[in-house]
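Residue numbers for the sequence shown, in this note's numbering: 474 to 802.
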Amino acid sequence: MGLSHNEGWAGLEPFDRRLGEAGLCPLTSSGISVFQVNMGRLCNMACRHCHADAGPGRTEVMTGETAGECLKVIRRERLQTVDITGGAPELNPSYRGFVEGCREAGARVKTRTNLTVLLKEGFGDLPRFFAENSVEVIASMPYFLKETVERQRGRGAFSSSIEALKLLNSAGYGVEGSPLQLNLVYNPCGAYLPPRQEAVEADFRREMKRRCGVSFTNLFTITNMPVGRFLQFLRESKNLERYMERLCASYNPVAAANVMCREIISVGWDGALYDCDFNQMLGIRCGYGAPAHIRDFDAGMLERRRITTGPHCYGCTAGAGSSCSGAMA
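Right, here's the structure in full:
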């Protein structure tokens with residue numbers, strides 16, 4: 474569920490009007506450089522900031538047939554980068570075969586992980602599997618302090634995450650001189666914008682090494698979006714209107730020109746096509762005549778499609794901007 478027309482939005486300038494001021498309306502795709510696949514909302518965690526509202530009780534899981542349809546498109550279109558997400562995508566029975574299929578097709582693979590799933594029985598060999606397939610690992614790590622992490626992700630999450638990071642380091646990930654990339658994702662633990670990416674990365678690098686003996690490649694700062702479980706938190710804490718005003722006031726036209734939806738296509742667990750992962754969680758499929766399902770994938774139409782926007786888009790364009798690869802401006 475997303476924002477209603479008036480809730481948290483009344484009095485704020487419509488997002489398309491702000492785009493128009495910068496000559497960006499209508500917002501259109503600049504091509505497809507990233508093919509993002511959500512393999513389901515099943516997850517072993519239920520983090521309070523999760524825009525996907527993922528958790529152990531979710532039953533939406535991509536079938537092997539739909540994963541196969543995705544692979545057909547990746548091969549046919551010779552797509553260069555595949556970004557795999559969830560939920561915890563590793564819990565999908567088709568996950569490993571899909572990764573291998575992407576690599577066989579010549580695509581670079583990124584996988585998003587909550588880290589703790591690597592400690593589940595039957596998943597301990599994943600760091601080696603990632604390394605064998607040269608997978609770039611993008612791991613959620615809210616902070617380097619136990620109290621902050623567990624407030625956002627639950628009791629025991631910090632120690633489990635550190636243990637998983639050490640397993641990845643042992644497999645060569647995030648180690649100086651290694652080509653295996655281990656990138657961490659920082660989300661603020663509350664209704665505010667992330668700090669400057671370069672500054673918080675320096676803090677993370679120093680403190681993760683000093684406190685935990687863990688190293689990584691890069692840190693991405695991502696703004697919490699008013700979508701899913703974080704939207705519910707904003708409502709319950711009565712911070713929604715204030716947060717939306719903060720996002721709107723921090724709108725950055727430079728970030729707007731570089732939003733990730735201009736170079737990405739997002740595939741849902743059921744094969745539906747979306748402009749981005751956030752639109753996916755809101756159920757807003759590709760519109761304006763563009764194909765809306767993987768079965769009907771038409772690269773030519775999708776690469777020049779108009780992108781559907783809404784008030785939640787202020788989250789990606791506030792401050793330095795926010796994308797799947799962190800700040801944009």
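Glycine is no exception: its CB is placed at the ideal position from the N, C-alpha and C atoms.
Alpha-carbon to alpha-carbon, residue j and residue i
i, j, result
"N731", "T539", "30 Å"
"D598", "R669", "35 Å"
"V507", "D769", "18 Å"
"D743", "C734", "20 Å"
"V582", "T696", "23 Å"
"E671", "Y787", "22 Å"
"C575", "P566", "16 Å"
"R628", "T621", "11 Å"
"F706", "H522", "8 Å"
"M717", "A578", "42 Å"
"K619", "A495", "42 Å"
"H785", "N606", "35 Å"
"P529", "R549", "35 Å"
Assigned secondary structure, residue i (DSSP; H/G/I helix, E/B strand, else coil)
i, result
"Q670", "helix"
"I780", "coil"
"I505", "coil"
"V727", "helix"
"L746", "strand"
Same chain only: Cβ atoms within 7 Å of residue i, ignoring 5 sequence neighbours per side
i, result
"L592", "S633, E636, A637"
"C749", "M733, C734, I737, S739"
"P661", "P667, N697"
Check whether residue i and residue j have beta carbons under 8 Å apart
i, j, result
"G650", "L641", "no"
"P764", "L775", "yes"
"F689", "L657", "yes"
"V687", "M681", "yes"
"A722", "I505", "no"
"M468", "Y568", "One cannot answer for residue 468 here, as it falls past the ends of the chain, which runs 474 to 802."
"N712", "A664", "yes"
"F596", "E563", "yes"
"Q753", "G762", "no"
"G645", "A604", "yes"
"R684", "F631", "no"
"R777", "S502", "yes"
Beta-carbon contacts of residue i that lie in its chain and below 6 Å, excluding the five residues immediately before and after
i, result
"Q509", "D556, I737, S739"
"S796", "M733"
"M474", "Unreliable positioning characterises M474 in this predicted model, as indicated by a pLDDT of 49, which lies under 50. The coordinate reading is nonetheless provided below. The answer is none, since no qualifying residue turns up."
C-beta neighbour in chain D for residue i, strict 8 Å
i, result
"E486", "Here there is only one protein chain, and chain D is not present."
List in chain order: all unbroken alpha helix (DSSP H) runs of 4+ residues lying wholly within the region 513-575.
537-550
Threshold first: 4 residues or longer. Then list the alpha helix (DSSP H) segments lying entirely within the region 652-724, N to C.
670-680, 701-709, 713-722
Alpha helix (DSSP H) runs contained entirely in the region 748-776, provided each spans 4 or more residues:
750-755, 772-775
Write down every uninterrupted run of the alpha helix (DSSP H) in the region 571-657 whose length is 4 residues or greater and which is fully enclosed by it, in chain order.
The qualifying runs are 599-605, 619-626, 630-643.
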